[in-house]
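Reading through the structure tokens given below for one structure.
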Amino acid sequence: MPTSIITTDDLHDFKIELLNEIKELLKVKASTTKKYLKSSEVMELLKISPGTLQNLRINGTLPYTKLGGVILYEYEVIQKVLADNRVDNSY
């Protein structure tokens, strides 16, 4: 059984290939994300309670659309709210 020697160049090439494949997978995942989410999906995504979600609606932190009895939240807006409220404590 022949043995093969792995060089640092081989490892570097493997890392680049792996990172490129991960980027492609993330692009596919991002493109399949739904545009609008229901309240239950937002609560699961943000790991928050129904009361917290209601408070975010009431104080205007999280904009929403109400169609009949269904409240919908735009996924991109949720991402923007998270980015706008990010706290960076690294000095």
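Read in this note's numbering, the sequence shown has 443 at position 56, and its numbers run on one by one without any break. In this text, a Cβ means the ideal position worked out from N, Cα and C, and glycines have one as well.
By the beta-carbon neighbour count (other beta carbons within 10 angstroms, threshold 16), Val429 is buried. Here Ile409 carries a helix assignment [DSSP, helix/strand/coil].
The continuous alpha helix (DSSP H) containing Leu433 extends over residues 426 to 433.
Its Cα nearest to that of Ser426, the residue Leu449 stands out among His399, Leu449, Asn476. Just so you know, the alpha carbons of Arg473 and Phe401 end up roughly 34 Å apart. Leu433 sits away from Tyr462, with the two beta carbons spaced by 8 Å or more.
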